[in-house]
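Novice: Throughout, this note's numbering is defined as the position within the sequence shown, counted from one, plus 94.
Can you keep this structure in mind? I'll have questions shortly.
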Amino acid sequence: MDIAVITITEKGDEIALILKEHFNIHIFSKYKNSHFDFKCVVKNAMENYEAIIFITSTGIAVRGIGPYIKSKEIDPAVITIDNSSKFVISLLSGHLGGANDLTSKIANILGAVPVITTATDNLDIVAPDMIAKNNYLGIGDLQDAKRIASLLVRGRKVYFCDEENKISIPNGYESNYIDCEGIVYVTNKININSIFKDSSINLKLIRKNIVLGIGCRKDFPGNIMKETVLDILKSYNIDYRAVKSIGTVEIKKNEEAILKLSEFLKCKLNIFSIEEIKKIQYRYVGSDFVEKSIGVRNVCEPCVELQNSIMLTEKLKLNGMTLCIGVLKN
């Protein structure tokens, strides 16, 4: 985690140096920099760091970050430490940004009191966004996550179900859906034939375990590739947000359509060499034309296997591109 530490006093600098022994931090010191511009420093920190530690009053920190707060999905963790290092306060992005965890660690180092005001933490309940963060899951809808957290804080029953039974029932949740007012369901699917009730608040946490293998002709249109992939995923009832990675052959590493698709899906792009694909291509039906063009007989299916995945589909031929869908092995 890249951390910016903003300090405005000599004592603050001393605290910052203690933290530097334990974390990867960049210190912005007013005391040591005659050209220090607080607004510019805060803007830079909010836009370029994963966490910000203010060794100032909370009021100074709040006024500083106010213009740059966007959403809990993307805001960095923000923490304040008083100039006497008596208190470490989690101020912003306690869960998704990691401010609560970082606050506890810093307080332990400084011998300070950690101040965490998140209701679920204080009730020893695991908030839904923390379930997502701790298990590398996507959040279907942040508003639904807030509604579920509200139910939990109010002592209402919330049912938790992982369709693959990999995650234990978190603190504060129910293993039986009877009389529950909320449901948290872990899946990679779009639609779920389950016990979801119209009267319940339903939150989907998305397991990112889908991989794609893709091949295409040169300069394939990016918009068509995106629309095609989304349509195919939908036809298999797969949530596009469950895609963890795309695999393709090295000759396609700069293919704009594939790069744009990876960017849209916010997933990793894995590039495989011709030699890697040749070792396993005999397992799949290939094409003489493709082999003559790029040196291998098949791209999409080997690229799914090479991503340590089990194929959910065979090669799909889609008017100038090929697609194979797989799921990561357990």
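Idealized CB from N, CA, C, for every residue including glycine.
No experiment lies behind these values; they were computed from the predicted model shown.
In angstroms, rounded to a whole number, what distance separates the CA positions of Ala213 and Leu246?
Specialist: Cα-Cα distance, rounded: 9 Å.
Novice: I'd like the ranges of any alpha helix (DSSP H) spanning at least 4 consecutive residues and lying wholly in the segment 361-424.
Specialist: If we require 4 residues or more, the alpha helix (DSSP H) runs fully inside the segment 361-424 come out as 368-372, 382-388 and 394-399.
Novice: For Gly232, which option in Lys298, Ser187, His120 and Ser184 has the closest C-alpha, if you only look at C-alpha atoms?
Specialist: Comparing Cα positions, the closest option is Lys298.
Novice: Ser123 by DSSP, collapsed to three states: which one?
Specialist: The answer is strand: DSSP assigns Ser123 an E or B state.
Novice: Report the residue ranges of all alpha helix (DSSP H) runs contained in full by the segment 195-249; include only those spanning at least 4 residues, in chain order.
Specialist: For the segment 195-249, whole alpha helix (DSSP H) runs of length 4 or above, ordered along the chain, are 213-216, 222-228 and 236-247.
Novice: Is DSSP giving Ser339 helix, strand or coil here?
Specialist: Of the three classes helix, strand and coil, the one that applies to Ser339 here is strand, per DSSP.
Novice: Extract the residue ranges of the alpha helix (DSSP H) inside the segment 138-196, only unbroken runs of 4 or more that lie entirely within it.
Specialist: Fully enclosed alpha helix (DSSP H) runs of 4 or longer: 152-159.
Novice: Can you tell me whether Glu296 is buried or exposed, with buried defined as 16 or more other CB within 10 angstroms of its CB?
Specialist: According to the sequence provided, residue 296 is Asn. The question's Glu does not apply to it. By the neighbour-count rule (16 or more Cβ atoms within 10 Å), Asn296 is buried.
Novice: From Thr211, Leu204, Ile374 and Gln401, pick the residue whose C-alpha is nearest to that of Glu115; which is it?
Specialist: Cα-wise, what sits closest to Glu115 is Leu204.
Novice: Does Asn265 come out as helix, strand or coil in the three-state DSSP assignment?
Specialist: Correct three-state label for Asn265: coil.
Novice: Quick one: measure Cβ to Cβ for Val97 and Glu141, integer angstroms, because I've assumed they're closer than 8 Å.
Specialist: Note on residue identity: the sequence assigns Ile, not Val, to residue 97. Contact doesn't hold; Cβ gap of about 14 Å is too wide.
Novice: By Cβ distance, which residues of its chain are closer than 8 Å to Leu324, with the 5 residues on each side in sequence left out?
Specialist: Correct list, in chain order: Tyr334.
Novice: Using 10 angstroms around the beta-carbon of Ser339, count the other beta-carbons present and answer buried if the total reaches 16, otherwise exposed.
Specialist: By the 10 Å Cβ count, Ser339 comes out buried.
Novice: To the nearest angstrom, how far is the alpha carbon of Val280 from that of Ile100?
Specialist: Answer to the nearest angstrom: the Cα atoms are 39 Å apart.
Novice: Buried or exposed: where does Phe78 fall if 16 or more other Cβ atoms within 10 Å of its Cβ makes it buried?
Specialist: The structure shown does not extend to residue 78, since the chain spans only 95 to 424, so no value can be given for it.
Novice: Find the nearest neighbour of Ile419 within the set Gly316, Ala110 and Ile308, judged by alpha-carbon distance.
Specialist: Here the closest residue by C-alpha is Ile308.
Novice: Is the beta carbon of Gln375 closer than 8 Å to that of Asn364?
Specialist: Contact: no.
Novice: Grab me the residues of Ser356's own chain with a C-beta within less than 8 Å of its C-beta, minus the 5 sequence neighbours each way, in chain order.
Specialist: Contacts found: Ile340, Lys362 and Leu363.
Novice: Could you tell me the distance, in whole angstroms, from the CA atom of Met319 to the CA atom of Thr197?
Specialist: About 44 Å.
Novice: Quick check on this structure: which residue in Arg311, Lys373 and Ala139 has the alpha carbon closest to the alpha carbon of Lys411?
Specialist: Looking at the Cα atoms, Arg311 is the closest of the given residues.
Novice: For Thr174, count neighbouring C-beta atoms within 10 Å of its own C-beta (all shown protein chains included) and say buried if the count is 16 or more, exposed if not.
Specialist: So Thr174 ends up on the buried side.
Novice: Using DSSP bridges, identify the partner residues of Ala428.
Specialist: Here the chain covers residues 95 to 424 and nothing more, so residue 428 does not appear.
Novice: Express the C-alpha separation of Asn303 and Tyr230 in angstroms, rounding to a whole number.
Specialist: Their backbone Cα atoms lie some 10 Å apart in a straight line.
Novice: For the alpha helix (DSSP H) that Asp107 lies in, which residues bound it at each end?
Specialist: Note, Asp107: alpha helix (DSSP H), Glu104 to Lys114.
Novice: Cβ of Lys166 within 8 Å of Cβ of Leu217?
Specialist: Their beta carbons are not under 8 Å apart, which means Lys166 does not touch Leu217 by this criterion.
Novice: From the DSSP secondary-structure annotation, give me the bridge partner or partners of Thr322.
Specialist: According to DSSP, which records beta bridges pairwise, Thr322 is partnered with nothing at all.
Novice: I'd like the list of long-range same chain contacts for Asn331, defined as Cβ closer than 8 Å, with 5 residues on each side in sequence excluded.
Specialist: Closer than 8 Å at Cβ, skipping near neighbours: Lys283, Ile284 and Asn285.
Novice: Can you tell me where the alpha helix (DSSP H) holding Phe358 begins and where it ends?
Specialist: Taken as a continuous stretch (DSSP letters only), the alpha helix (DSSP H) holding Phe358 covers Glu350 to Leu359.
Novice: For Phe132, which three-state DSSP category applies?
Specialist: Here Phe132 sits in helix by DSSP.
Novice: Identify the continuous beta strand (DSSP E) that holds Cys310 and give its terminal residues.
Specialist: Looking at the DSSP string, the run of the beta strand (DSSP E) that includes Cys310 is Ile304 to Cys310.
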